[in-house]
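Chemist: The sequence shown begins at 0 in numbering that gives the first Met the number 0 and counts up one residue at a time.
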Amino acid sequence: MILVTGGRGAVATHLLTLLLQAGRPVRVASSHPGQLRVPDGVTAVTCDLRDPATFPAALAGVTEVFLYAEASHIAEFVDAAVTAGVTHVVLLSSASVLDPGAAGNPLAKSHLDVETALLAAPLTTTILRPGSFAGNAGAWAWPIKAGRPVSLPYPGSHTDPIHERDLAEVAFTVLTDPRHQGRRLHLTGPQSLTFSEQIERLAEITGRPITVNNVTPRNGDRRWPTTSPVLTRTPCSATGRPTTAAPCP
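Laid out in structure tokens, this is it:
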């Protein structure tokens, strides 16, 4: 039995679909399972990663877990997982842990603490370390459609957004193929883009003019493709499934 935590999230939702299509026994967990829409035959259970009392029931009969990084009670979660007989955990961590100053960054440290606890446990742990999620760009869609300026503190900063479906593809692979288990995978999208470039591409897709920090960019003769690589996925050479993730498992 595979337990997918964070059932309301985009990655978990896509992963659940893949596991069901493959005929894998799966249970989906959330701090508010009543808000989940799950297919017939799938059990939704309470697993609040901030409440250790919910761990034993959610983990009963589970052998593998897809886990969101929540550090507050990771020691208790690890103990409950080992007691339940879990043998493999796939952790959705963050590429921020790779920064030299990760221990001094509250967000990076929370992911690092979860990684450390899992790696010290008698479990096989596979770690997925994405950078920014493509879905985060959705926060800019409303002001773009409304013709309002988008405010960015560092518009020239680069990120390499990865699609949530791609993360689900990688998680599915490591959950179902033992050859890839126990790895630490730094996952990126197909291209490094500044925040301004990402917004410009979204604006082009929506056909709306855009203003960033009250300045309308002048692109001159620059021509962007009609689809954004933030949203476009390409076949993975190893699995044949669509992915923008790199490296491909």
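Heads up, the beta-carbon is just placed ideally off N, CA and C, and yes, glycines get one too.
Across the region 90-108 and the region 16-35, are there enough close Cβ pairs to call them in contact, namely three or more that are closer than 8 Å?
Modeler: At 8 Å Cβ cutoff, the stretches do not touch.
Chemist: Pop quiz: Val61 and Leu90 are said to be a contact at Cβ under 8 Å. What is the actual Cβ separation, rounded to whole angstroms?
Modeler: Position 62 of the sequence shown, counted from the first residue, corresponds to residue 61. Position 91 of the sequence shown, counted from the first residue, corresponds to residue 90. Actually they are not in contact, since the Cβ atoms of Val61 and Leu90 sit about 15 Å apart, beyond 8 Å.
Chemist: Just to confirm the assignment, what range does the beta strand (DSSP E) spanning Arg178 have?
Modeler: Counted from its first residue, the sequence shown places residue 178 at position 179. Arg178 -> no beta strand (DSSP E), and no H or E assigned at all.
Chemist: Using DSSP with H/G/I as helix, E/B as strand and the rest coil, what is His87?
Modeler: By one-based count along the sequence shown, residue 87 stands at place 88. Strand at His87.
Chemist: Which of the three DSSP states, helix, strand or coil, is assigned to Ser4?
Modeler: Here residue 4 corresponds to residue number 5 of the sequence shown, with the count starting at 1. The question names Ser, but residue 4 in the sequence shown is Thr. In the structure shown, Thr4 sits in coil (DSSP, three-state: anything other than H, G, I, E or B).
Chemist: Which word fits Leu15, buried or exposed, when buried means at least 16 other C-beta atoms lie within 10 angstroms of its C-beta?
Modeler: Taking the first residue of the sequence shown as 1, we reach residue 15 at position 16. Buried.
Chemist: Using a Cβ-Cβ cut-off of 8 Å (strictly less than) and excluding sequence neighbours within five positions of Gly181, which residues of its own chain qualify?
Modeler: The residue labelled residue 181 in the question sits at position 182 within the sequence shown. Hits under 8 Å: Thr123, Thr124, Thr125.
Chemist: Please look up how many angstroms separate the CB atoms of Ala59 and Ala83, rounded, as I've assumed it's under 8 Å.
Modeler: Mapped onto the sequence shown, residue 59 falls at position 60. Mapped onto the sequence shown, residue 83 falls at position 84. So it is a contact: roughly 6 Å between Cβ atoms.
Chemist: Evaluate Ser191 with the Cβ neighbour count: other Cβ atoms within 10 Å of its Cβ, from every protein chain shown; 16 or more gives buried, anything less gives exposed.
Modeler: The residue given as residue 191 occupies position 192 in the sequence shown. Classification of Ser191: exposed, given that the 10 Å Cβ count is below 16.
Chemist: Do you know offhand how far Val10's Cα is from Pro55's?
Modeler: Against the sequence shown, residue 10 aligns to sequence position 11. Against the sequence shown, residue 55 aligns to sequence position 56. Their Cα atoms are separated by approximately 24 Å.
Chemist: Mind reading off the beta-carbon distance from Leu48 to Thr4? Whole number of angstroms is fine, and I expect it under 8 Å.
Modeler: For this step, residue 48 is matched to residue 49 along the sequence shown. For this step, residue 4 is matched to residue 5 along the sequence shown. Indeed, because the Cβ distance is near 7 Å, the residues count as touching under 8 Å.
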